[in-house]
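S.K.:
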Amino acid sequence: MSSDNAASTPYLIRGATLPDGTRTDLVLADGRIAEIGSGLSRAGASVVDAAGLIALPGLVDLHTHLREPGGEQSETILSGSQAAAVGGFTSVFAMANTSPVQDTAGVVDQVLALGEQAGYVTVQPIGAVTVGLAGERLAELGAMATSRARVRVFSDDGFCVSDPLLMRRALEYVKAFDGVVAQHSQEPRLTEKAQMNEGALSSELGMVGWPAVAEESIIARDVLLAEHVGSRLHVCHVSTAGSVDVIRWAKARGIQVTAEATPHHLMLTEDLVVGYDARFKVNPPLRRREDVEALRAGLADGTIDIVATDHAPHPIEAKDCEWDAAANGMVGLESALSVVHASVIDTGLLDWNDIARVLSSTPARIGRLAGQGQGLLVGGPAELTLYDPAASRVFGRGSLAGKSANSPYLEMTLPGRVQATFHRGYATVLDGALRPAAEIAAQGVRTHG
Amino acid sequence: MRHLLSTKGMSRDEAILLLDIAEDMADVANREVKKLPTLRGKTVVNLFFEDSTRTRISFEAAAKRLSADVINFSAKGSSVSKGESLKDTAQTLAAMGADGVVIRHPASGAPHVLAESGWIDAGIINAGDGTHEHPTQALLDAFTIRRRLHRGAARGKGLDGVTVTIVGDVLHSRVARSNLWLLTTLGAHVTFIAPPTLLPMDMSGWPAEAGFDLDAAIDAGPDVVMMLRIQQERMNAAFFPNSREYSRRWGLDDERFGRLAPTTIVMHPGPMNRGLEISSAAADSAGSTVREQVANGVSVRMAALYLLLSGDREDS
Ligand SMILES: [Zn+2]
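In the order they appear, the protein sequences are chains A and B. Note that the numbering used here has the first sequence beginning at 485, numbered continuously upward. Note that the numbering used here has the second sequence beginning at 580, numbered continuously upward.
Spelled out as structure tokens, the structure:
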């Protein structure tokens with residue numbers, strides 16, 4: 485173990501800028517934020533010069549695909565945790581579409597344990613809504629809720645719970661433990677063989693379209709069901725302007741609905757499909773410029789509650805092929821903060837306080853996750869990231885820390901850079917570099933007891 | 580010309596050059612010896628991921644008349660359907676020394692991917708990709724119209740002012756898309772007629788008119804009526820109720836055919852469903868170009884292979 489990141493080593497972070505713009509020092513000790521103020525000192529502390537860096541509460545991703553168990557050729561819980569740390573995250577919610585599916589207490593507890601062993605971030609498993617994601621009968625939601633993993637978010641992500649009765653029952657049932665159903669809103673009949681956004685471009689390319697109405701009609705149905713049974717609904721990766729309108733209407737009506745947008749839907753548009761580069765193939769698909777603008781406006785006015793990455797690693801062969809044969813999905817953890825920075829900070833729609841809200845406190849609250857998303861408070865958990873907003877970089881393969889390279893941002897210039905990430909008081913990223921796995925695993929063992 | 584992937588983006592000069600070379604090739608077909616030595620020693624692979632005997636034999640005849648060696652690679656039912664990727668297949672063909680690859684594939688953009696990937700350094704001809712494009716079909720259609728209108732004096736000419744009405748399953752038709760771009764580039768005016776379910780969702784970017792009323796389109800007196808093949812299974816997906824209703828509203832039946840001017844050119848890319856989208860009287864009429872289209876297909880494909888593969892491709 486390196487001496488500057490040892491178990492008992494406190495950190496003195498000097499001259500960081502808080503999300504509200506004030507400059508301060510912070511002391512991290514024993515997994516907590518021990519002090520916040522100017523001119524702090526601490527005997528024996530490692531000093532981190534944070535001049536010009538923004539201190540954000542550790543980022544929380546409500547929508548990550550870690551692929552383990554079953555998909556270890558594209559990502560593992562360790563490699564995905566490393567990608568998360570490099571992106572400034574201190575917690576990720578691991579989607580249920582693993583193999584075996586996370587539809588039992590045994591599997592979610594295994595994922596939880598592997599996350600603790602890796603030690604880079606809190607890995608909070610999501611439970612499947614239905615057995616095997618098959619959309620036929622409910623998985624053991626209660627068993628997962630009372631397992632060690634304390635599952636509160638349930639999702640068949642990748643598959644829409646399209647059966648209205650099953651969706652109603654799931655929404656009702658999770659009320660027993662304050663759970664939430666996170667819906668991948670995609671009417672299956674309206675999207676059979678769909679390859680890209682339905683519109684002028686799909687018409688020209690002769691590709692089967694994925695119409696906006698296939699998303700919007702499910703969201704409309706689900707918010708009405710949530711209202712009817714008085715339950716919490718979370719809408720995954722909202723992608724269309726019409727969806728933003730439906731959710732805005734539902735919120736005005738008092739329905740308990742929350743919604744997420746991905747960084748890629750906040751930045752990229754469907755015209756990237758023209759070159760048939762399958763890195764741009766994702767589900768829901770990239771949409772029109774008007775949709776991107778509506779998502780940004782929705783995030784700014786609170787209709788969209790959070791940003792979540794939908795980090796979806798794939799091996800090379802799943803993307804190095806013709807468009808129809810390619811897998812859906814993009815990796816997104818490492819680039820998320822920079823893409824959000826470019827999309828909504830540089831355009832003046834959100835400030836850094838808003839970023840702390842949409843990428844930390846609100847996702848933690850939706851997922852009922854303890855120890856995360858509590859902001860930067862004395863006595864609070866030492867979960868934070870230091871971000872250099874003045875940096876600019878060409879995003880490349882070397883910017884990725886996970887196993888897969890299916891990033892749509894390769895060769896693009898993105899603003900900002902994560903300089904350091906602290907989880908449970910220890911550094912997972914320092915000086916812009918990931919700390920070694922053995923060092924972090926030892927910290928994980930120590931802090932999890 | 581390095582590849583022939585689409586008619587969208589093809590310039591008027593490029594299109595006319597290719598059609599003029601096709602005229603030369605058609606002259607060869609009338610000679611006693613129909614074979615040219617132009618592509619001797621070159622290898623052309625017909626890589627078909629979908630069955631299409633008509634298109635494949637047309638390309639095969641074209642390549643053989645230019646003295647190329649032809650390899651037919653039917654990817655259906657081969658290792659490809661067992662999971663071998665387009666990449667592996669392309670690298671296999673590259674290792675075999677293919678100079679040209681004629682690809683038919685169910686995915687939009689597969690020829691583009693093949694051309695851009697670096698997996699193979701061959702000239703690529705798109706012989707139909709999904710419901711995207713089928714450029715040699717549009718070229719042979721344009722060639723056929725131009726010959727009908729200008730007879731022996733077709734060389735150098737476009738299709739300026741020619742009105743073309745294309746009828747049928749535009750949504751699923753790569754022929755319709757390739758014709759849209761090529762015919763308008765050559766100066767023709769294109770109108771699409773179809774049931775609303777079989778028109779693409781958003782045609783705002785298309786330089787064409789669209790409508791649902793075949794009778795009005797007939798009475799407008801187009802120079803060319805092109806009937807597209809309708810696949811009977813579309814009715815199972817609720818695109819239209821049944822073939823009888825389709826035929827009644829959108830078929831070129833004897834009555835509608837009788838209302839066309841005798842000079843109207845009647846086209847069909849084949850194979851035809853006689854009695855469904857086109858009546859036998861219309862298909863076999865003097866105005867019909869159905870058999871010419873087949874013959875012209877060979878000439879146009881010879882021209883395409885010639886442009887891609889003769890001499891030093893990098894310079895052409
Ligand atoms: Zn999803």
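Just so you know, even glycine gets a beta-carbon here, dropped at the ideal spot from N, CA and C.
1. Quick check for students: name the residue ranges of the beta strand (DSSP E) that lie wholly in the segment 570 to 648 of chain A, counting only runs of 3 or more.
2. Report buried or exposed for A:D915, applying the criterion of at least 16 other Cβ atoms within 10 angstroms of its Cβ.
3. Any C-beta of chain D sitting closer than 7 angstroms to the C-beta of A:W836?
4. With a cut-off of 7 angstroms, does the C-beta of B:T710 fall near any C-beta of chain A?
5. Could you name the residues of the same chain whose beta carbon sits closer than 6 angstroms to that of B:I745, not counting the 5 residues immediately before and after it, in chain order?
6. Suppose the cutoff is 6 angstroms on Cβ atoms and the five residues either side in sequence are ignored; what does the same chain contact list for A:V615 look like?
7. Does ligand 1 have even one heavy atom less than 6 angstroms from the beta-carbon of A:H668?
8. Are the beta-carbon atoms of A:V570 and A:V842 separated by less than 7 angstroms?
9. Does the Cβ-Cβ distance between A:V730 and A:I703 come in under 7 angstroms?
10. Listed in chain order, which residues of the segment 801 to 817 of chain A have Cβ atoms closer than 7 angstroms to some Cβ of chain B?
11. Give the residues of chain B in contact with A:L894, contact being defined as C-beta atoms less than 8 angstroms apart.
12. Buried or exposed for B:I548, going by 16 or more other Cβ atoms inside 10 Å?
13. Checking contacts by CB at 7 angstroms: is A:D488 closer than that to chain B?
14. Output, in sequence order along the chain, the residues in the segment 756 to 789 of chain B whose CB is closer than 7 angstroms to any CB in chain A.
15. Classify A:D641 as buried or exposed, calling it buried when 16 or more other Cβ atoms lie within 10 Å of its own Cβ.
16. Between B:A654 and chain A, is the shortest Cβ-Cβ distance under 7 angstroms, so that the two count as touching?
17. Quick check: the segment 647 to 657 of chain A against the segment 585 to 600 of chain A, are at least 3 beta-carbon pairs closer than 8 angstroms?
18. Give me, in chain order, the residues of the same chain whose beta-carbon lies closer than 6 angstroms to that of B:L583; leave out the 5 immediate sequence neighbours on both sides.
19. Suppose you measure from the CA of A:P494 to the CA of A:L512; what does that come to, to the nearest Å?
20. Is there at least one non-hydrogen atom of ligand 1 closer than 6 angstroms to the beta-carbon of A:D545?
21. Beta-carbon separation of A:P747 and A:G886 under 7 angstroms?
22. Alpha carbon to alpha carbon, what distance is there between A:A792 and A:S583?
23. Which partner residues does B:E712 have in the DSSP bridge list?
24. Going along the segment 682 to 708 of chain A in order, which residues come within less than 9 angstroms of chain B, judged by CB to CB distance?
25. Go through the segment 708 to 755 of chain A residue by residue and report every complete run of the beta strand (DSSP E) that reaches 3 residues or more, in order.
26. If we call anything under 7 angstroms between Cβ atoms a contact, is A:L750 one with A:R780?
27. Can you list the residues of chain B that A:Y760 reaches, using a CB-CB cut of under 7 angstroms?
28. In the DSSP assignment, find the unbroken alpha helix (DSSP H) run with B:M851 in it and report its ends.
29. Are B:E699 and B:A669 close, meaning C-beta to C-beta below 7 angstroms?
30. Which of the three DSSP states, helix, strand or coil, is assigned to B:S867?
31. Give the residues of chain A in contact with B:H713, contact being defined as C-beta atoms less than 9 angstroms apart.
32. Beta-carbon within less than 7 angstroms of A:S486's beta-carbon, same chain only, minus the 5 sequence neighbours each way: which residues are those?
33. Give, in chain order, every residue of the segment 813 to 847 of chain B whose Cβ lies closer than 8 angstroms to some Cβ of chain A.
34. Could you pull out every residue in the same chain whose Cβ sits closer than 6 angstroms to the Cβ of B:N821, ignoring the five residues on either side in sequence?
35. Please decide whether B:F664 counts as near chain A, where near means a Cβ-Cβ distance under 7 angstroms.
36. Going along chain A in order, which residues have a C-beta closer than 8 angstroms to the C-beta of B:H582?
M.R.: This is what the structure gives:
1. 573 to 578, 606 to 609
2. exposed
3. Any reference to chain D falls outside this structure, whose protein chains are A and B.
4. yes
5. A755, F771, M805
6. D587, R621, A623
7. yes
8. no
9. yes
10. E801, D804, C805, E806, W807, D808, A809
11. Within 8 angstroms Cβ-Cβ: nothing; A:L894 doesn't reach chain B, min ~16 angstroms.
12. Because chain B in this structure spans residues 580 to 895, residue 548 of chain B falls outside the shown range and cannot be described.
13. With a pLDDT of only 46 at A:D488, under the threshold of 50, the placement of this residue in the model should not be trusted; the figure read from the coordinates follows. No - not a single Cβ of chain B is within 7 angstroms of the one on A:D488.
14. R756, P779, M780, D781, M782, S783, G784
15. buried
16. no
17. no
18. I704, P714, A883
19. 5 angstroms
20. no
21. no
22. 22 angstroms
23. B:D708
24. E682, G683, A684, L685, S686, S687, E688, L689, G690, M691, V692, G693, P695
25. 717 to 719, 741 to 745
26. yes
27. G688, H691, V692
28. Note, B:M851: premise wrong, no alpha helix (DSSP H); not H, not E.
29. According to the sequence displayed, residue 699 of chain B carries Ile and not Glu. Yes, the pair counts as a contact, with Cβ atoms nearer than the cut-off.
30. strand
31. Going along chain A, no residue has its Cβ under 9 angstroms from B:H713, so there is no contact; the nearest lies around 10 angstroms.
32. Because A:S486 sits at a pLDDT of 43, beneath the cut-off of 50, its placement in the model cannot be relied upon, and the point is left open.
33. none
34. M814
35. It is Ser, not Phe, that sits at residue 664 of chain B in the sequence shown. Yes, because at least one Cβ of chain A sits closer than 7 angstroms to the Cβ of B:S664.
36. Ordered by position in chain A, no residue passes the 8 angstroms Cβ test against B:H582, which lies about 14 angstroms from the chain.
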